[in-house]
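Inspection log for the structure reproduced underneath, given as structure tokens.
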Amino acid sequence: MTAARLLIVGPQGSGKGTQGIRIAEALGIPAVSTGDVFRANVAEGTELGQQVQAIIAGGDLVPDELTSAIVRDRLEQADAAGGFLLDGYPRNLAQVGDLDAFLQARGEELTGVIELVVPRDESIARLSKRAAEQGRADDNEESIAKRLAIYERETAPILDVFRQRGIVDQIDGVGSFDEITERITAALAARGITA
């Protein structure tokens, strides 16, 4: 069985948070969401949380050095020794380099990248709905447009790196939660990654 060291990628509103948790639970590995780590720090009022809150409120992204340090710390925890699913990291080419260096030092590598493909208008509709349901201040129209532009400019190019390694599975991200989970599970099983 192939170790499950996974990355889930998709534009904001693609469902990667929901699918990441479902897949991680099915495989018995932790889902490591940088967004969740940042939000937890904000909620706890930590020094990091205060820095992050100001950055996120402006619709910007947390700096690479800070993000990479937080992810390295999380992946060094015991529950991630047997695998993990990353959501929200790496989000640009510099962070791919940081992650590669960290994993290579441990004699590991990513074993799969799940790319959720969702039309832009679908992402915007989902984010607008989430904003209304959860009252998330970072889901206003201006912030959504800014984050989608950053994704298209900075994050989408990381997929080319992983495609060259032959580890990307493109998954149609439109449909019911269960349909999308089944598509991902089938793609991972084809790579020998199963529960």
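If you're matching positions, the sequence shown starts at 3 in our numbering and goes up one per residue. Beta carbons: idealized from backbone N, C-alpha and C, even for Gly. Every value quoted in this text rests on a predicted model; they were computed, and no experiment measured them.
#1: What is the residue span of the beta strand (DSSP E) that Ile116 lies within?
#2: Identify, in the order they occur along the chain, each residue of the same chain with its Cβ nearer than 8 Å to the Cβ of Leu161, setting aside the five sequence neighbours on each side.
#3: My understanding is that Arg7 touches Phe86, with C-beta atoms under 8 Å, so please give their C-beta distance in whole angstroms.
#4: Expressed to the nearest angstrom, what Euclidean distance is found between the alpha-carbon atoms of Glu156 and Gly61?
#5: Could you check what DSSP says for Ile25 in three-state terms: helix, strand or coil?
#6: Have a look at Gly51 and Ala5 and give me their C-alpha separation to the nearest angstrom.
#7: Curious, which full-length beta strand (DSSP E) runs of at least 3 residues does the region 72-157 contain?
#8: For Val98 versus Pro13, is the C-beta spacing smaller than 8 Å?
#9: Considering Cα atoms alone, identify which of Arg93, Glu49, Arg41 is closest to Asp66.
#10: How would you label Lys2, buried or exposed, when you count the other beta carbons within 10 angstroms and need 16 or more for buried?
#11: When we look at the beta-carbon of Pro32 and count the other beta-carbons within 10 Å, is it buried (16 or more) or exposed?
#12: Quick one: does the C-beta of Gly90 sit closer than 7 Å to a heavy atom of the ligand FAD?
#13: Expressed to the nearest angstrom, what Euclidean distance is found between the alpha-carbon atoms of Gly37 and Arg122?
#14: What number of angstroms, rounded off, separates the C-alpha of Gln79 from the C-alpha of Ile182?
#15: Let's see if you can read the secondary structure: which residues bound the alpha helix (DSSP H) around Gln55?
With the given structure in hand:
#1: 114-119
#2: Val11, Val115, Glu117, Val170
#3: 6 Å
#4: 15 Å
#5: helix
#6: 32 Å
#7: Assignment of beta strand (DSSP E) within the region 72-157, counting only whole runs of 3 or more residues, yields 85-89, 114-119 in chain order.
#8: no
#9: Distances from the alpha-carbon of Asp66 to those of Arg93, Glu49, Arg41 put Arg93 closest.
#10: No answer is possible for residue 2: the residues shown for the chain start at 3 and end at 197.
#11: Classification of Pro32: buried, given that the 10 Å Cβ count is 16 or more.
#12: Within the structure as shown, the ligand FAD is missing, as the structure has no ligands at all.
#13: Distance from the CA of Gly37 to the CA of Arg122, rounded to the nearest whole angstrom, comes to 20 Å.
#14: Looking at the two C-alpha atoms, the distance is approximately 29 Å.
#15: Here the alpha helix (DSSP H) through Gln55 covers 49-59.
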